[in-house]
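Engineer: Provided herewith is a single structure, encoded as structure tokens, for subsequent inquiry.
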Amino acid sequence: MKTVHSLIQRPWLAASLLAAMTTLSLPAMAGKTIDTIKTRGTLNCGVNTSLPGFSAADSQGNWSGLDVDVCKAVAATLLNDATKVKWTPLNASQRFAVLQAGEIDILSRNTTWTLNRDASLGLHFTGTTYYDGQGFMVTKKSKITSAKSLKGATVCVQSGTTTEKNLNDFSKMNKLNIKPVVFDTLEATNKAYFSGRCQAYTTDASGLASVRNKEAGNPDDHVILPDLISKEPLGPSVRRGDDEFFAIVKWVVFALIEAEEYGITQANVDQMKNSTDPVVLRILGASEDTGKLLGLDKEWAYRAIKAVGNYGEMFERNVGPKSTLKLPRGLNNQWNKGGLMYAPPVR
Amino acid sequence: MIPPGPPPPSRSRAWSWRSQAFRGLIYQILTLVLLVLAITYLMSNTFANMRTRGIQSGFDFFLQPAGFAIGESLFEFDSAQGYWVAYLVGLSNTLRVALIGIVLATVLGTLIGIGRLSNNLLVRGLCAVHVEVTRNIPLLLQLFMWYFAMTELLPSIEEPLRPMAHVFFSKNGLQYPLPEWSAGHWGTVVGLLAGVLAWRAWVRRAVHQFEATGQFRPARTHLTGVAMWLALTALGWLAGGAPGELSIPEVTEINVVGGGAVTPEYLTLLIGLSIYTSGYIAEVVRSGIQSVAYGQHEAAVALGLSRSAELRLVQLPQALRVIIPPLTSQHLNLIKNSSLAVAVGYPDLVSIGSTALNQTGRAIECIAVLMLCYLTLSLLTSAAMNLYNRRVRIQDR
Chain A
156 MKTVHSLIQR PWLAASLLAA MTTLSLPAMA GKTIDTIKTR GTLNCGVNTS
206 LPGFSAADSQ GNWSGLDVDV CKAVAATLLN DATKVKWTPL NASQRFAVLQ
256 AGEIDILSRN TTWTLNRDAS LGLHFTGTTY YDGQGFMVTK KSKITSAKSL
306 KGATVCVQSG TTTEKNLNDF SKMNKLNIKP VVFDTLEATN KAYFSGRCQA
356 YTTDASGLAS VRNKEAGNPD DHVILPDLIS KEPLGPSVRR GDDEFFAIVK
406 WVVFALIEAE EYGITQANVD QMKNSTDPVV LRILGASEDT GKLLGLDKEW
456 AYRAIKAVGN YGEMFERNVG PKSTLKLPRG LNNQWNKGGL MYAPPVR
Chain B
81 MIPPGPPPPS RSRAWSWRSQ AFRGLIYQIL TLVLLVLAIT YLMSNTFANM
131 RTRGIQSGFD FFLQPAGFAI GESLFEFDSA QGYWVAYLVG LSNTLRVALI
181 GIVLATVLGT LIGIGRLSNN LLVRGLCAVH VEVTRNIPLL LQLFMWYFAM
231 TELLPSIEEP LRPMAHVFFS KNGLQYPLPE WSAGHWGTVV GLLAGVLAWR
281 AWVRRAVHQF EATGQFRPAR THLTGVAMWL ALTALGWLAG GAPGELSIPE
331 VTEINVVGGG AVTPEYLTLL IGLSIYTSGY IAEVVRSGIQ SVAYGQHEAA
381 VALGLSRSAE LRLVQLPQAL RVIIPPLTSQ HLNLIKNSSL AVAVGYPDLV
431 SIGSTALNQT GRAIECIAVL MLCYLTLSLL TSAAMNLYNR RVRIQDR
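Residue numbers (this note's numbering), protein chains in the order written: chain A, 156 to 502; chain B, 81 to 477.
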């Protein structure tokens, strides 16, 4: 059963304190997270409150999106059922505290991988599922065509992100003197921008596309400027101290990426078990047992692919041409097609 | 008749296991030890957990450059300055909204509280509606209502209202020319303060005169006072070399920049907090006035005092003794409620604190500093109000 864990208005205050204070010592024991997940029967996954394409719930409470699919794939691998996930929608400012406190097992919430976060927050990023960059959205009416002409502009920002710092760096470097107006929720930020309070809205370019599509009265009235002012590799992260679980989340994503490279799809995954390609057979567990090394069974990757399709399918379905966002593949294409998606070999 | 009870227990100071004082002491020591143990346990557990999970801690980040810009600030802030300066900006923004909010809420609340006792049905009804509406809708919703109303209804930034030259009113808020700060303005500041003192002295003199002769012309006294204040300020400004640099809002291609500004975020918070708190203050004032014995009203009427003189000279001075303590807690509530600022995009202490938290990941440190700031602010407010309370309470003679 899926339950939507709704959090009250500003729980980060309590959460982050309670995170460290009330939980009893969780020793860094091998495989502990996996055992907990298996006994519990569900994977606890932290996602965005509402960012269509990455994570959003429909009217029946079914979650979908690229970030959501990562958790589904891990659930399929560990629990043999992609629906056994408990979703916890999180604000930008709550997410790390909730992961640290152990309320969720994976944080898959369009989160940028930075040194600061990787090194000092008690978590590990497991890889990149979407290569993004921070951009700006402006109204078509304003006739602004480049981020460099945002001199003296008021810009709407959501707090708790890397966005504020990037914006400041960009503004300083180009002497733009941009004034940020910072909100703590995505909803308030959207509302302020669309009511005309700010000349521009800034966040990751993918987020802009999602917001434009969902919130704008007429999406064509808003333009996403071509300039990207930062690198934003987005990916899932797990709590430190459990290398086995870390490795599983990491390799599930790699397997999904490699599946695309070798043409394994959700539809043909069963036929591919009879393939002659040794690489394909290895990924699907039809020859060597790669799962054993991860503490899993042979068909770990097969189940993940069967549940959500390969990375390319995830992309197309959620944010690519088949979705409403229609984002280009760009940097997120396979390495041999001009993109950055390069999975270490599953062998 | 009440039968004579047993003699009161002798309060002998002799030591005994059974002495009440001794047992009391033991219980107090026990409680204290348990409390200290509990806190020590929680703290050491926290730090142990943080270490095992590789979460770094410490206050050293306060000196590092903040690296983010702040939308509005009372003084110039550069992102290369440390986190502690950013916190100061947040604190000054909180004070800016809280202090003015307290004054507005008190004035509005007092008027509405008096209005609730009016003989006029319409005034009484409207004041009652105000109290019920403001007290019964959550503050966060009220703030959203004000903010979205304001951002929707204000004229767009491209086509601002221009009530006068160089004054703009739009979704940017109110933008107006502001004197550029220079050293010469210290003269103005000194003049301003001297003016306030002169005004006060003048009013005192008038009160003395009233007590001596019975002559009392409040309007004239205060007009002269204001004139003295303005004159001294102008004199100070001249003495400072009459600095005349103005920062004037300029229309750029996409925005209006420069000058002073009252942003919609600030206005929302100020209006929202003042109106919300005024509902509570109105009830405090009404109950205070009603606590004054009815005979006082009759006596005032018998003396031929007008309604306003009656309120000012008879009822309010007595009501104040009842009003001040609950009023203090309303003021404290207003200060604490200002922490909802980030919901409407105003960079107050909590907003800055949460940005710092997210950038550094030092949750416990950042929140501890926030709590300390609010605690200090609240205690200072309390202390000031207690001082005032001591002045207005009945003096035992």
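Using N, Cα and C, we set each Cβ at its ideal position, and we do this for glycine too.
Give me the Cβ distance between Ile150 (chain B) and Pro344 (chain B), rounded to the nearest whole Å; I'm assuming they're in contact under 8 Å.
Structural biologist: Working through the second sequence from its first residue, we reach residue 150 (chain B) at position 70. Working through the second sequence from its first residue, we reach residue 344 (chain B) at position 264. 16 Å between Cβ atoms; not a contact.
Engineer: Give a yes or no on whether the C-beta atoms belonging to Gly147 (chain B) and Ser159 (chain B) are separated by under 9 Å.
Structural biologist: Translated into positions along the second sequence, residue 147 (chain B) becomes position 67. Translated into positions along the second sequence, residue 159 (chain B) becomes position 79. In this structure, Ser159 (chain B) lies closer than 9 Å to Gly147 (chain B) by Cβ.
Engineer: According to DSSP, what are the bridge partners of Val240 (chain A)?
Structural biologist: For the purposes of this step, residue 240 (chain A) is identified with residue 85 of the first sequence, where counting begins at 1. The partner list for Val240 (chain A) (beta bridge, DSSP) reads A:Leu198.
Engineer: Helix or strand or just coil, what does DSSP make of His377 (chain B)?
Structural biologist: On the second sequence, position 297 is the one that residue 377 (chain B) refers to. His377 (chain B): helix per DSSP, three-state reduction.
Engineer: Just to check my reading of the structure: Ile438 (chain A) and Ala456 (chain A) have Cβ atoms closer than 8 Å, yes? What is that Cβ distance to the nearest angstrom?
Structural biologist: Here the question's residue 438 (chain A) lines up with position 283 in the first sequence. Here the question's residue 456 (chain A) lines up with position 301 in the first sequence. That pair is a contact at about 5 Å.
Engineer: Based on the DSSP secondary-structure assignment, which residues constitute the bridge partners of Ile367 (chain A)?
Structural biologist: Looking up residue 367 (chain A) in the first sequence gives position 212. Inspection of the sequence shows that residue 367 (chain A) is occupied by Arg rather than by Ile. In DSSP, Arg367 (chain A) forms no bridge with anything.
Engineer: Within the same chain, show all residues whose beta-carbon is closer than 6 Å to that of Gly307 (chain A), passing over the 5 residues directly before and after it, in chain order.
Structural biologist: Your numbering for residue 307 (chain A) matches position 152 in the first sequence. Asn332.
Engineer: Could you work out which residues of chain A lie near Thr332 (chain B), taking near to mean beta carbons separated by less than 7 Å?
Structural biologist: On the second sequence, residue 332 (chain B) is found 252 positions in, with the first residue counted as 1. Within chain A, the residues near Thr332 (chain B) are Lys306 and Gly307.
Engineer: Please report whether the beta-carbon of Met130 (chain B) lies at a distance below 9 Å from any beta-carbon of chain A.
Structural biologist: Here residue 130 (chain B) corresponds to residue number 50 of the second sequence, with the count starting at 1. Taking Cβ atoms only, chain A reaches closer than 9 Å to Met130 (chain B), which makes this a yes.
Engineer: Where do the ends of the alpha helix (DSSP H) carrying Met451 (chain B) lie?
Structural biologist: In the second sequence, residue 451 (chain B) corresponds to position 371, counting from 1. It spans Ala443 to Val472 - the alpha helix (DSSP H) in which Met451 (chain B) sits, taken as one unbroken run.
Engineer: Report the residue ranges of all beta strand (DSSP E) runs contained in full by the region 375-451 of chain A; include only those spanning at least 3 residues, in chain order.
Structural biologist: As far as the region 375-451 of chain A is concerned, its whole beta strand (DSSP E) runs of at least 3 residues are 377-379, 387-389 and 392-394.
Engineer: Taking a cut of 9 Å between CB atoms, which residues from the region 343-367 of chain B lie near chain A?
Structural biologist: Here the close residues are Thr343, Pro344 and Glu345.
Engineer: Tell me Ser210 (chain A)'s beta-bridge partners as DSSP assigns them.
Structural biologist: Within the first sequence, numbered from 1, the residue matching residue 210 (chain A) stands at position 55. Note: Ser210 (chain A) sits in a beta bridge opposite A:Leu206.
Engineer: In whole angstroms, what is the alpha-carbon distance linking Gly170 (chain B) and Arg195 (chain A)?
Structural biologist: One-based indexing of the second sequence puts residue 170 (chain B) at position 90. One-based indexing of the first sequence puts residue 195 (chain A) at position 40. So the alpha carbons of these two residues sit roughly 44 Å apart.
Engineer: Is the number of C-beta pairs between the region 262-278 of chain A and the region 299-314 of chain A that are closer than 8 Å three or more?
Structural biologist: The region 262-278 of chain A vs the region 299-314 of chain A: no contact.
Engineer: Using a C-beta cutoff of 9 Å, does Phe251 (chain A) count as contacting chain E?
Structural biologist: Reference to chain E is not applicable here, since the protein chains of this structure are A and B.
Engineer: Ignore the nearest five residues each way along the sequence and tell me which others in Leu318 (chain B)'s own chain have a CB closer than 7 Å to its CB.
Structural biologist: Along the second sequence, read from residue 1 onward, the residue named residue 318 (chain B) stands at position 238. Hits under 7 Å: none found.
Engineer: Give the straight-line distance between the Cα atoms of Pro499 (chain A) and Glu413 (chain A), rounded to the nearest whole angstrom.
Structural biologist: Locating residue 499 (chain A) in the first sequence gives position 344, counting from the first residue. Locating residue 413 (chain A) in the first sequence gives position 258, counting from the first residue. About 8 Å.
Engineer: Considering Cα atoms alone, identify which of B:Gly321, B:Thr313, B:Ala322 and B:Ala278 is closest to His302 (chain B).
Structural biologist: Mapped onto the second sequence, residue 302 (chain B) falls at position 222. Here the closest residue by C-alpha is B:Ala278.
Engineer: CB-CB under 8 Å to Ser96 (chain B), same chain, minus the five flanking residues each way: which ones, in chain order?
Structural biologist: Within the second sequence, the letter at position 16 stands for residue 96 (chain B). Hits under 8 Å: Phe102.
Engineer: Give the single residue among A:Ala212, A:Asn329 and A:Thr197 whose Cα lies nearest to the Cα of Lys369 (chain A).
Structural biologist: Within the first sequence, residue 369 (chain A) is the residue found at index 214, counting from 1. For the residues A:Ala212, A:Asn329 and A:Thr197, the minimum Cα distance to Lys369 (chain A) belongs to A:Ala212.
Engineer: So which residues of chain B does Ser297 (chain A) contact, with C-beta pairs closer than 7 Å?
Structural biologist: The residue labelled residue 297 (chain A) in the question sits at position 142 within the first sequence. Per Cβ cutoff of 7 Å: Ile334.
Engineer: Output needed for Val337 (chain B): all residues of its chain with C-beta closer than 8 Å, excluding positions within five of it in sequence on either side, in chain order.
Structural biologist: Here residue 337 (chain B) is taken as the residue at index 257 of the second sequence, counted from 1. The residues are Pro329 and Glu330.
Engineer: Of all the alpha helix (DSSP H) runs that stay within the bounds of the region 219-257 of chain B, which reach a length of 4 or more residues?
Structural biologist: Here the runs fully enclosed are 219-233.
Engineer: Could you give the first and the last residue of the continuous alpha helix (DSSP H) run that contains Leu278 (chain A)?
Structural biologist: As a position in the first sequence, residue 278 (chain A) is number 123, starting the count at 1. Where Leu278 (chain A) is concerned, there is no enclosing alpha helix (DSSP H), although the beta strand (DSSP E) it sits in stretches over Leu278 to Phe280.
Engineer: Out of curiosity, what's the CA-to-CA distance linking Leu258 (chain B) and Gly340 (chain B)?
Structural biologist: Residue 258 (chain B) sits at position 178 when you count from the first residue of the second sequence. Residue 340 (chain B) sits at position 260 when you count from the first residue of the second sequence. About 5 Å.
Engineer: Could you give the C-beta distance for Asp436 (chain A) and Ile403 (chain A), rounded to a whole number, given that I count them as a contact under 8 Å?
Structural biologist: Within the first sequence, numbered from 1, the residue matching residue 436 (chain A) stands at position 281. Within the first sequence, numbered from 1, the residue matching residue 403 (chain A) stands at position 248. The residue asked about is misnamed: residue 436 (chain A) is Leu in this sequence, not Asp. With 8 Å as the limit, Leu436 (chain A) and Ile403 (chain A) do not qualify as a contact, their Cβ atoms being about 21 Å apart.
Engineer: Taking Glu342 (chain A) as the reference, give the member of B:Phe228, B:Leu122 and B:Gly441 with the closest Cα.
Structural biologist: In the first sequence, residue 342 (chain A) corresponds to position 187, counting from 1. With distances taken between Cα atoms, Glu342 (chain A) lies closest to B:Phe228.
Engineer: How long is the line joining the alpha carbons of Ser275 (chain A) and Met130 (chain B), rounded to whole angstroms?
Structural biologist: On the first sequence, position 120 is the one that residue 275 (chain A) refers to. On the second sequence, position 50 is the one that residue 130 (chain B) refers to. Straight-line Cα distance between these residues: approximately 10 Å.
Engineer: In chain B, which residues lie less than 7 Å from Arg395 (chain A) when you measure between Cβ atoms?
Structural biologist: The residue given as residue 395 (chain A) occupies position 240 in the first sequence. Those within 7 Å of Arg395 (chain A) in chain B are Arg133 and Gly134.
Engineer: Could you tell me if Met292 (chain A) is buried or exposed, where buried requires 16 or more neighbouring beta carbons within 10 angstroms of its beta carbon?
Structural biologist: What you label residue 292 (chain A) is simply residue 137 of the first sequence in a count that begins at 1. Buried: at least 16 other Cβ atoms inside 10 Å.
Engineer: Give the C-beta separation of Pro323 (chain B) and His265 (chain B) to the nearest angstrom, bearing in mind that I take them to be a contact with Cβ-Cβ under 8 Å.
Structural biologist: Counting from 1 along the second sequence, the entry for residue 323 (chain B) is found at position 243. Counting from 1 along the second sequence, the entry for residue 265 (chain B) is found at position 185. About 6 Å separates the two Cβ atoms, so the contact holds.
Engineer: Helix, strand or coil for Gly485 (chain A)? Go by DSSP, reduced to three states.
Structural biologist: Position 330 of the first sequence, counting from 1, holds the residue named residue 485 (chain A). Gly485 (chain A) falls in the helix class under three-state DSSP.
Engineer: Return the first residue and the last residue of the alpha helix (DSSP H) that Gly478 (chain B) is part of.
Structural biologist: With chain B represented from 81 up to 477, any question about residue 478 (chain B) goes unanswered, as that position is not in the structure.
Engineer: Taking Phe155 (chain B) as the query, report the chain A residues whose CB atoms sit under 9 Å from its CB, ordered along the chain.
Structural biologist: Here residue 155 (chain B) is taken as the residue at index 75 of the second sequence, counted from 1. Going along chain A, no residue has its Cβ under 9 Å from Phe155 (chain B), so there is no contact; the nearest lies around 16 Å.
Engineer: Taking the continuous alpha helix (DSSP H) assigned at Gln398 (chain B), which residues delimit it?
Structural biologist: Taking the first residue of the second sequence as 1, we reach residue 398 (chain B) at position 318. Run containing Gln398 (chain B): Leu396 to Asn417, per the alpha helix (DSSP H) assignment.
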